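K.L.:
In the numbering used here, the protein residues as written are 878 to 1058.
(1) What is the residue span of the alpha helix (DSSP H) that residue 936 lies within?
(2) Residue 964 by DSSP, collapsed to three states: which one?
(3) What are the boundary residues of the alpha helix (DSSP H) that includes residue 1010?
(4) Between 919, 886 and 985, which lies nearest to residue 1020 when the distance is taken from Cα to Cα?
(5) Give the single residue among 954, 997, 987 and 909 whose Cα lies nearest to the Cα of residue 932.
(6) Taking the alpha-carbon positions, what's the residue 879 to residue 924 distance?
(7) Quick one: grab the DSSP three-state call for residue 1023.
(8) Give the DSSP-derived three-state secondary structure of residue 994 in the structure shown.
(9) In whole angstroms, what is the alpha-carbon distance linking residue 967 and residue 888?
(10) Cα separation between residue 973 and residue 960?
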């Protein structure tokens, strides 16, 4: 898969997780889905910020503005993810936060797949998109698994903060016995 196909695959997986949340039979199952949403969206956002958005800034005539808009959307998602991360299994605020998260993610995906990705596909050589895909798949193994809304969201500081956040997240996940991917 090229880099844009990897991102679209992530989008479909997250859409399925939202459906899984609503069909879960118990609070424990819903919380497990919330944990997966937190992990997958955190990794996805971190990798877009580290690898995709810098490419878009350089490659698209309106790249600076597009990326800045996307970073604003990421911030809203990260803040909701951070709130969800602090909640317990039976917290009554979960449904409301999941609904907000779903609205924000769906709007982001529509814009990304409808405008941003087609522009990027047109501007970037297929060879480079293929390389990006390989890099994204590999980098997922070391990406942060928790939201970090106050961390840097653009290189070069993101390149330093990302691995530290990822190491901390994995240590924390082990302590809390959260599933790891």
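By construction, the Cβ of each residue, glycine as well, lies at the ideal position given by its N, Cα and C atoms. These numbers come from a predicted model, not from an experiment.
P.N.:
Let me lay it out:
(1) 930-936
(2) coil
(3) 1003-1016
(4) 919
(5) 997
(6) 14 Å
(7) coil
(8) helix
(9) 27 Å
(10) 11 Å
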